[in-house]
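Residue numbers (my numbering): 2 to 197. In this text, a Cβ means the ideal position worked out from N, Cα and C, and glycines have one as well.
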């Protein structure tokens, strides 16, 4: 008779995501995850695989929950400049939340693990490309609606937005007061709002 799983994988994944986000990859052991989730090592390995596979699942979970929460306005296929502005407002609202003092899990993993692991690097790059595509579409929509100058390079500006978000998350993680970072956001938005 097959063994019945005695835990909810999504709950455990959410807990593991928080542990990796708070402690980092190197400072999180499988024993930490076992003790903090109450799931046996056997159960973790049987469901998620090894520690690296669990990290990749955690990155995906983070992107599907936290990143998408922040990018809700950009998900709309008609999203344009107001959605980009709304994204940064949402970031500003959450920047004061104690949870965000840990920075962004994707950025943390990009710095700590991705340079040394091609699988993790590929996952981080996939997420960055997805986010860049959302910004690109919103900028192009803004150009079609007359909100963004047509001479603006939509893909380059989208990459700037993703890079800025990642850089700000890293600075918050390093202890920079988030209030001091908003001039950079305003400068980036100003490039999208300049007149033809």
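Pair within 8 Å by beta-carbon distance, residue i and residue j
i           : j           : result
residue 25  : residue 113 : yes
residue 105 : residue 170 : yes
residue 163 : residue 136 : yes
residue 121 : residue 57  : yes
residue 179 : residue 96  : yes
residue 165 : residue 189 : yes
residue 10  : residue 66  : no
Distance, residue j Cα to residue i Cα
i           : j           : result
residue 72  : residue 123 : 21 Å
residue 129 : residue 194 : 24 Å
residue 154 : residue 160 : 10 Å
residue 63  : residue 19  : 9 Å
residue 32  : residue 78  : 43 Å
residue 84  : residue 55  : 33 Å
residue 199 : residue 139 : Outside the displayed span of the chain (2 to 197) sits residue 199, for which this structure offers no information.
residue 59  : residue 53  : 10 Å
residue 70  : residue 125 : 18 Å
residue 196 : residue 146 : 14 Å
residue 2   : residue 29  : Confidence at residue 2 is low in this model, with a pLDDT of 40, below 50, so its placement is unreliable and no value can be given for it.
residue 191 : residue 102 : 27 Å
residue 187 : residue 92  : 13 Å
residue 152 : residue 76  : 24 Å
residue 119 : residue 68  : 22 Å
residue 44  : residue 51  : 11 Å
residue 167 : residue 99  : 18 Å
Cβ neighbours of residue i in the same chain (closer than 7 Å, five flanking residues each side left out)
i           : result
residue 13  : 38, 40
residue 1   : As shown, the chain starts at 2 and ends at 197. That puts residue 1 outside it, with no answer to give.
residue 17  : 34, 38, 55, 59
residue 142 : 79, 80, 81
residue 1   : Residue 1 falls outside the range modelled here, since the chain spans only 2 to 197, and no answer is possible.
residue 42  : 31, 35
N- and C-terminal bounds of the alpha helix (DSSP H) containing residue i
i           : result
residue 181 : It is not in any alpha helix (DSSP H) - residue 181 carries neither H nor E in the DSSP assignment.
residue 153 : First-last for residue 153: undefined, no H or E at that position.
residue 119 : 119–145
residue 24  : 10–24
residue 54  : 52–63
residue 87  : 82–96
residue 36  : 31–38
residue 76  : 73–76
residue 44  : 42–49
residue 111 : 106–113
Own chain partners of residue i with C-beta closer than 6 Å, once the 5 adjacent residues on each side are dropped
i           : result
residue 198 : Within the shown structure, residues of the chain are numbered from 2 to 197, placing residue 198 beyond reach of any answer.
residue 174 : 104
Residues of its chain near residue i, where Cβ-Cβ distance is below 8 Å and the 5 sequence neighbours each way are ignored
i         : result
residue 5 : Residue confidence is low: residue 5 scores 42 on pLDDT, short of 50, so the model does not pin down where it sits. Its coordinate-derived value is still stated next. Correct list: empty, nothing qualifies.
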